[in-house]
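Just so you know, full-length UniProt numbering puts 66 at position 66 of the sequence shown, and the rest follows in order with no gaps.
Every residue, glycine too, gets a C-beta built ideally from N, C-alpha and C.
Quantities reported herein were computed from a predicted structural model and do not represent experimental measurements.
Everything on this sheet refers to the single structure shown next.
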Amino acid sequence: MVRLNVKPTRMEFNNLKERLTTAERGHKLLKDKRDELMRRFISLIRENNQLRKEVESYLIDNLKAFAVAKS
1 MVRLNVKPTR MEFNNLKERL TTAERGHKLL KDKRDELMRR FISLIRENNQ
51 LRKEVESYLI DNLKAFAVAK S
């Protein structure tokens, strides 16, 4: 953590308080953004798994049909 050299005045106190409020708000926005990105990512993973299962079933069906046609 950075230690600031601050003058002990009311104006400086108000400025620091405003900076802290802004930093806390920015931190909350970043946390919310991270949570939303994680939610979307998990949704994409689920969709990918579903599509993978569909492709595997199509491949199995086609390989069976190919084996029957070959013999």
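Query	Result
Inside the stretch 8–33 only - beta strand (DSSP E) runs reaching at least 3 residues	none
Span separating the alpha-carbon of Ala-65 from that of Ile-42	35 Å
Under 9 Å between C-beta atoms of Leu-4 and Leu-16	yes
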